[in-house]
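**Q**
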């Protein structure tokens, strides 16, 4: 009988051991790809100065920050809160350690962040984000935009090898310059926001939203036409050219977009779609150039599984040093949830996690079994569980069948014969083995 | 110029990328050993119900708990706090998921815990603990005590391969039964506490503390003599026998202690010391059998680097089901700190983390370099950083020398010749390579 409510707090993802093993495998696969691309891992504290966190958080995010209070509060402590993303602590970190870092600083952070969102299915209050960023000092080559996106695509392919991806890229300089050309600077923020939401509402709603700005039907139509520009590099380049926007910023945005698309297409060996799409603006104000989102065309309901972009200045609130950057993130906790819900985790991932269960027939064989386990770990690199339970043999077998892929029972005969039979618990196949504790000497 | 205080909060360990790489390597090595021994990984939420956390925390710990408050608090939320160890959330987890777990449940948790301790050198408020536990339902074979200690020793040896360890083991049943025999039950708690602190104070202080209990000089001497029992299994077994304690509990404790020591000695291939020591009691009340600590005899000032023990019932506060267990923990954040401070991290761990930096001579060679990087990653499994910086060649070389082990500069000649020279950045050695982007087709 339970005496207290032992369920995790609502909004927390708590996995069973076999699910956790798959989750961790995915997390390691992502980190591995990031490392292969030369991103250096750092880890910032979960708890940070409230001053730092609240300075950067706006609107909804600010309301979602968890504040932290010591039970036995002492006067020496600044106000504290839990980080809500990796970018704000990264900005603090780069400013704090600038003299010890090498720029461009290619950095990855994989860890849990916290947002006190209203609890709902598929939304988590504590969640893993797997970020990469490249931070320059003063300037940062535009080639890193493609490098960040390419690295994220490769990471996604590791955990979604069977799913086609559609990477949708844009550049905020295009819309910014376009709106300047049309004398719509004053409502630019509203238009960015309307476009950002346009795929979540019916088309008429977007039309209505644009009309409500009072910019006239002609301008409304021009914005709608702009939004509809999407496709591959050559096509989009032409259509952008046809707009006849006479602006250095626009030209810069077009060049950056086409260069990024071309680099990505060249690296794209798995047949994923790499497209430009002017509906991609990304809500956050601090993106200033390339922006991107990634969806699974076969599961559009999942939404974006990976997104990010280029920002002009990472840490303007903390330092006068200009630190441009480009980054992106895979939200692994949510992705894992939607993959489970959509049957995207292959059945074989649910195999028992332990390679071999060694079952002593009685207490007499325990020491031998422990030594045999050492030999299997050292010579074959297996994960081995010696079932020491004081239960009956049948119970030990039942336990082994639930945690291990293979099992062996060791009694006096097996020890005397220096041979034992290993049973594959999935197929029932039996294999004779001559491994003995002495084999560890040759390991 | 900094505009805000960007240092991490006091009591937080924030590492530079190269230090983080070593830290992560150690963490992975520990997890790997745990997995090899058949421990299944789980991860509980960082934030848990205050009701659950405060129910189990006593004294000092209770004062150190961080409470958590949503900025925009809504009525649906229970009081929340940050976990201060892995054991309390584990108890909640086991009760919550009992019907989906297999017992004995061999479980590991590697993650960050939080205690608002008074800030001081080498004490951390956010710290990694690497725990293993075996939880039984109803009963749990005593053999798991040695299995837990053995697994922890092997994990420690992975990160301290050159350091001798001294594992000090005792069994709380011995002192409990001894004090009953001597009619000292009423001051048993005080005596446990005095012995627990005896190695941190001068000998006279311990004598004084015992005398202050008013138990008479003879009893004081008997307790002092008991405390001095330590050494290898045979010797300690004899000395415990000579005490003439006529108690089933005492005999049980003696048998468990000797069995645990013998199993450990048999597995001990690296010449570490495995000793019994009656001064080991472990402060926490919930240990009821085997208790252990591990020190580095060459660095006694570091104190225990790994400890734990057997408990009769994991989750008595949450359920009527009896869940005996045995567990232990490596406090990695503190261990890493003391290893750094004591020069115990080998110099070679500070190698640059990236295997190969590929430097395009100009923008013209960038696409080729990106393709070459893909080939190196796929064929040789290297971590490769393409230096896209818009800086001068000399600056790119300086950058490479700080992040990578090897570097190569690619210009038109290297592309035409399908050959390039790789420079080892530590030794200056040059090796010719014929890897080309096309090699990825054979990977």
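Chains as they are written, first to last, in the working numbering: chain A, 1 to 443; chain B, 1001 to 1443.
A virtual CB, placed ideally from N, CA and C, is assigned to each residue, including glycine.
(1) Are the C-beta atoms of residue 390 of chain A and some chain B residue less than 8 Å apart?
(2) For residue 266 of chain A, which residues in chain B fall below 8 Å Cβ to Cβ?
(3) Could you tell me whether any non-hydrogen atom of the ligand COA is closer than 7 Å to the CB of residue 319 of chain A?
(4) Would you verify that the beta carbon of residue 1075 of chain B is, or is not, closer than 8 Å to some beta carbon of chain A?
(5) Under the rule that 16 or more other beta-carbon atoms within 10 Å means buried, what is residue 353 of chain A, buried or exposed?
(6) Classify residue 406 of chain A as buried or exposed, calling it buried when 16 or more other Cβ atoms lie within 10 Å of its own Cβ.
(7) Looking at residue 319 of chain A: is its Cβ nearer than 8 Å to the Cβ of residue 134 of chain A?
(8) Taking its Cβ as the centre, do 16 or more other Cβ atoms sit within 10 Å of residue 428 of chain A, making it buried, or is it exposed?
(9) Please classify residue 1120 of chain B as buried or exposed, where buried requires at least 16 other C-beta atoms within 10 Å of its C-beta.
(10) Answer with buried or exposed for residue 1283 of chain B, where buried requires no fewer than 16 other C-beta atoms within 10 angstroms of its C-beta.
(11) Classify residue 1201 of chain B as buried or exposed, calling it buried when 16 or more other Cβ atoms lie within 10 Å of its own Cβ.
(12) If distances are taken between C-alpha atoms only, which option among B/1355, B/1271, B/1435 comes closest to residue 38 of chain A?
(13) Just to confirm the assignment, what range does the alpha helix (DSSP H) spanning residue 1144 of chain B have?
(14) Give the C-beta separation of residue 1157 of chain B and residue 1270 of chain B to the nearest angstrom, bearing in mind that I take them to be a contact with Cβ-Cβ under 8 Å.
(15) Among all the DSSP beta bridges, which residues are the ones paired with residue 170 of chain A?
(16) What residues of chain B sit near residue 141 of chain A, judged by a beta carbon separation below 8 Å?
(17) Report yes or no: do the segment 1002-1022 of chain B and the segment 39-47 of chain A share at least 3 C-beta pairs separated by less than 8 Å?
(18) So residue 1263 of chain B and residue 35 of chain A are in contact, right, with Cβ under 8 Å, and what is the actual spacing, rounded?
(19) Whole angstroms is fine: what's the gap from residue 1075 of chain B's alpha carbon to residue 1069 of chain B's?
(20) Does DSSP put residue 1108 of chain B in a helix, in a strand, or in coil?
(21) For residue 385 of chain A, which beta-bridge partners are listed by DSSP?
(22) Which partner residues does residue 306 of chain A have in the DSSP bridge list?
(23) Determine the DSSP secondary structure at residue 1436 of chain B, reduced to helix, strand or coil.
(24) Pick from A/145, A/399, A/33: whose alpha carbon is nearest that of residue 260 of chain A?
(25) Give every residue of the same chain whose Cβ lies closer than 6 Å to the Cβ of residue 1049 of chain B, excluding the five residues on either side of it in the sequence, and list them in chain order.
(26) Any beta-carbon of chain A closer than 8 Å to the one on residue 1035 of chain B?
(27) Could you please give me the residues that DSSP links to residue 420 of chain A through a beta bridge?
(28) Under 7 Å Cβ-Cβ, which residues of chain B neighbour residue 24 of chain A?
(29) Does any CB atom of chain A fall closer than 8 Å to the CB of residue 1383 of chain B?
(30) For chain B, find out if any of its Cβ atoms is closer than 8 Å to the Cβ of residue 7 of chain A; answer yes or no.
(31) Just to make sure I have the definition right: I need the residues of chain A whose C-beta is within less than 8 Å of the C-beta of residue 1126 of chain B. Which are they?
(32) For residue 381 of chain A, tell me which candidate among A/389, A/372, A/388 has the shortest Cα-Cα distance.
(33) Which chain A residues are close to residue 1016 of chain B, counting only those with a beta carbon under 7 Å from its beta carbon?
**A** In this structure, then:
(1) Residue-level contact check: residue 390 of chain A touches chain B, since one or more beta carbons of chain B fall below 8 Å from its beta carbon.
(2) Within chain B, the residues 1367, 1370, 1371 have their CB atoms less than 8 Å from the CB of residue 266 of chain A, given in chain order.
(3) This structure does not include the ligand COA; it has no bound ligands of any sort.
(4) Confidence at residue 1075 of chain B is low in this model, with a pLDDT of 48, below 50, so its placement is unreliable and no value can be given for it.
(5) Under the 10 Å beta carbon count, residue 353 of chain A is surrounded by 16 or more other beta carbons and is classified as buried.
(6) With 16 or more neighbouring CB atoms inside 10 Å of its own CB, residue 406 of chain A falls in the buried class.
(7) Contact check for residue 319 of chain A against residue 134 of chain A fails: the beta carbons are separated by 8 Å or more.
(8) Exposed, because fewer than 16 other Cβ atoms sit within 10 Å of the Cβ of residue 428 of chain A.
(9) Per the 10 Å Cβ criterion, exposed.
(10) By the neighbour-count criterion, in which 16 or more other beta carbons inside 10 Å mark a residue as buried, residue 1283 of chain B falls on the exposed side.
(11) Residue 1201 of chain B comes out exposed.
(12) Taking only the C-alpha atoms, the option nearest residue 38 of chain A is B/1355.
(13) Start and end: 1143-1159.
(14) Under the criterion of beta carbons closer than 8 Å, residue 1157 of chain B and residue 1270 of chain B qualify as touching, at roughly 6 Å.
(15) In DSSP, residue 170 of chain A forms a bridge with A/291.
(16) Within chain B, the residues 1388, 1389, 1390 have their CB atoms less than 8 Å from the CB of residue 141 of chain A, given in chain order.
(17) The segment 1002-1022 of chain B is in contact with the segment 39-47 of chain A.
(18) Rounded, the Cβ-Cβ distance is 39 Å, inconsistent with contact.
(19) Because residue 1075 of chain B carries a pLDDT of 48, less than 50, the predicted location of this residue cannot be relied on, and the following value inherits that uncertainty. Just so you know, the alpha carbons of residue 1075 of chain B and residue 1069 of chain B end up roughly 12 Å apart.
(20) Of the three classes helix, strand and coil, the one that applies to residue 1108 of chain B here is strand, per DSSP.
(21) A/357.
(22) Answer by DSSP bridge pairing, in chain order: A/294, A/330.
(23) Note: residue 1436 of chain B maps to coil in three-state DSSP.
(24) Closest in C-alpha terms to residue 260 of chain A, from the list A/145, A/399, A/33, comes A/145.
(25) Within the same chain, residue 1049 of chain B has close Cβ partners 1078.
(26) It does; some Cβ of chain A falls within 8 Å.
(27) Answer is A/433, bridged to residue 420 of chain A.
(28) Those are 1041, listed as they occur along chain B.
(29) Taking Cβ atoms only, chain A reaches closer than 8 Å to residue 1383 of chain B, which makes this a yes.
(30) Answer yes: the Cβ-Cβ gap between residue 7 of chain A and chain B drops below 8 Å somewhere.
(31) The answer, in chain order, is 45, 46, 47.
(32) Ranking A/389, A/372, A/388 by Cα distance to residue 381 of chain A puts A/372 first.
(33) Taking a Cβ-Cβ cut-off of 7 Å, the neighbours of residue 1016 of chain B in chain A comprise 97, 100, given in sequence order.
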